[in-house]
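Q:
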Amino acid sequence: MLKTKMKKPGIAINSARCMACYACFMACKDEHCGWDTALSKSQPEMGQYWMNIVEWERGDNERRIKTASVPTPCSHCDNAPCIAASKNGAIYEREDGIVIIDPEKAKGQKQVVDACPIHAIYWNEALQLPQKCTMCAELLDDPDYPGFEPRCVEACPNQALVFGDLADPDSEISKLIAANKVTQLEALGDITGNVVHLNVPSAFLAGTVAYPKELEEVCIGAHVKITCDECGCTYETETNWAGDYEFEDLPKGKSWTVEISYPGFKTVEYKGERTDHDHYVGITYLEQA
Ligand code: SF4
Ligand code: SF4
38 MLKTKMKKPG IAINSARCMA CYACFMACKD EHCGWDTALS KSQPEMGQYW
88 MNIVEWERGD NERRIKTASV PTPCSHCDNA PCIAASKNGA IYEREDGIVI
138 IDPEKAKGQK QVVDACPIHA IYWNEALQLP QKCTMCAELL DDPDYPGFEP
188 RCVEACPNQA LVFGDLADPD SEISKLIAAN KVTQLEALGD ITGNVVHLNV
238 PSAFLAGTVA YPKELEEVCI GAHVKITCDE CGCTYETETN WAGDYEFEDL
288 PKGKSWTVEI SYPGFKTVEY KGERTDHDHY VGITYLEQA
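Just so you know, we're using this note's numbering here: the sequence shown kicks off at 38 and counts up by one.
#1: Compare the C-alpha of residue 314 against each of 248, 239 and 306 and name the closest.
#2: Please report the straight-line C-alpha distance between residue 255 and residue 83, rounded to a whole angstrom.
#3: In terms of DSSP beta bridges, what is residue 201 paired with?
#4: Put residue 265 into one of helix, strand or coil per three-state DSSP.
#5: Skipping 5 residues on each side, what residues in its chain have a beta carbon closer than 6 angstroms to that of residue 280?
#6: Alpha carbon to alpha carbon, how far is residue 130 from residue 115?
#7: Is the Cβ-Cβ distance between residue 324 and residue 318 less than 9 angstroms?
#8: Taking Cβ to Cβ, would you say residue 103 is nearer than 9 angstroms to residue 241?
#9: For residue 103, list the residues DSSP reports as bridge partners.
#10: Which one or two residues does DSSP pair with residue 130 in a beta bridge?
#11: Let me know if residue 197 comes out buried or exposed under the rule of 16 or more other beta-carbons within 10 Å of its beta-carbon.
#12: In chain order, what residues of the same chain have a beta carbon less than 6 angstroms from the beta carbon of residue 331, not counting five sequence neighbours either side?
#13: According to the neighbour-count rule (16 or more other Cβ atoms, all chains shown, within 10 Å of its Cβ), is residue 226 buried or exposed?
#14: Give me the Cα-Cα distance between residue 273 and residue 297, rounded to the nearest whole angstrom.
#15: Using DSSP's beta-bridge definition, name the partner residues of residue 306.
#16: Count the CB pairs spanning the segment 207–221 and the segment 54–62 that are closer than 8 angstroms, and state whether there are at least three.
#17: Assign residue 93 to one of two classes, buried (16 or more other C-beta atoms within 10 Å of its C-beta) or exposed (fewer than that).
#18: How would you write the range of the beta strand (DSSP E) that residue 284 sits in, first residue to last?
#19: Taking the straight line between their C-alpha atoms, what separation do you get for residue 172 and residue 271?
#20: Under a three-way DSSP split, which group does residue 234 fall into?
#21: Does at least one heavy atom of ligand 2 sit under 8 angstroms from the Cβ of residue 180?
#22: State the start and end residues of the unbroken alpha helix (DSSP H) segment that holds residue 69.
#23: Are there any heavy atoms of ligand 1 lying less than 8 angstroms away from the beta-carbon of residue 124, as far as the coordinates show?
#24: What residues in its chain sit with their C-beta under 8 angstroms from that of residue 258, if we drop five residues either side in the sequence?
#25: Taking 6 angstroms as the limit between beta carbons, can you name the residues of its chain near residue 261, skipping five residues before and five after?
#26: Assuming residue 123 and residue 105 are in contact, meaning their beta carbons sit under 8 angstroms apart, how far apart are those beta carbons, in whole angstroms?
#27: Is residue 39 helix, strand or coil when you go by DSSP?
#28: Determine the extent of the alpha helix (DSSP H) in which residue 120 is found, giving its start and end residues.
#29: Take the Cβ of residue 38 as the centre, count every other Cβ of all protein chains shown within 10 Å, and call the residue buried at 16 or more, exposed below.
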């Protein structure tokens, strides 16, 4: 029985706040390495990432690079594919939705590693055992545990991880989810669970505007409008102090027309700029009208 008496304990992961400091990763190692818990065998120090920080570089050339990071532990899926792939009840879903690997029954069941769509299960060669995040259920179940959260959540210095009862509409976690953009991990398809991802960035379209090249000066305040070639929706902005413009979180796989205008200069139009991934249009040098 959970001390917190939560019906559906869950973690909301807000990627917009994650700064890839790895405090959560280290807290997970601290909790699970070196000894067995009531629900799991010791996690090896190397080669397993129960709290896996997925990081990538954004942008398609060196002129506009951003990074993104998405902490990706087990999602504790509803109707989990790993449970379907396991035998003899080796992986089971608790009443509260937390998915647990039974360290005795799961011995030798390497097939469950490949069943996880987000690669959250790791194979322990020495123990011949699949292993993964327990959401620190062994702590939450313990009436003597002084904390109220999984160790990773407790360690996060930037509120990128929030723990609470997903079944309670008035809980902090439910309010946070309602106020943010839920961004389901692509690999999970429509599988929901006890982990909810928020604000995972999709694609940006960006560029820079400058006065005629010989002036060697960026143009501040140029008007930039983009129009989706398929649905006609538009977004507008102005270039900043560096002459840069950026449209963040656009839908992927779309084609856009980019229109750049500034008083006294010819309007510039680019067609077919795509957001299959993050895309930097380049530098636009204005010409006198
Ligand atoms: S994320 Fe992977 S390991 Fe976790 S419950 Fe879902 S299928 Fe199983
Ligand atoms: S502790 Fe928080 S900010 Fe740091 S990597 Fe983990 S989720 Fe991101």
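Cβ coordinates follow ideal geometry from the N, Cα and C atoms, glycine included.
A: In brief:
#1: 239
#2: 48 angstroms
#3: 47
#4: strand
#5: 245, 246, 247, 255 and 256
#6: 8 angstroms
#7: no
#8: yes
#9: 95
#10: 136
#11: buried
#12: Outside the modelled stretch of the chain, which goes from 38 to 326, sits residue 331, for which no answer is possible.
#13: exposed
#14: 10 angstroms
#15: 296
#16: no
#17: exposed
#18: 281–287
#19: 42 angstroms
#20: strand
#21: no
#22: 60–69
#23: no
#24: 275, 276 and 299
#25: 274, 282 and 297
#26: That belief does not hold up - the Cβ atoms of residue 123 and residue 105 are roughly 32 angstroms apart, past 8 angstroms.
#27: Annotation note: pLDDT 45 at residue 39 (below 50); position unreliable, coordinate value reported separately. Three-state DSSP puts residue 39 in coil, outside helix and strand.
#28: 118–122
#29: Annotation note: pLDDT 41 at residue 38 (below 50); position unreliable, coordinate value reported separately. The residue in question, residue 38, is exposed, as its Cβ has fewer than 16 Cβ neighbours within 10 Å.
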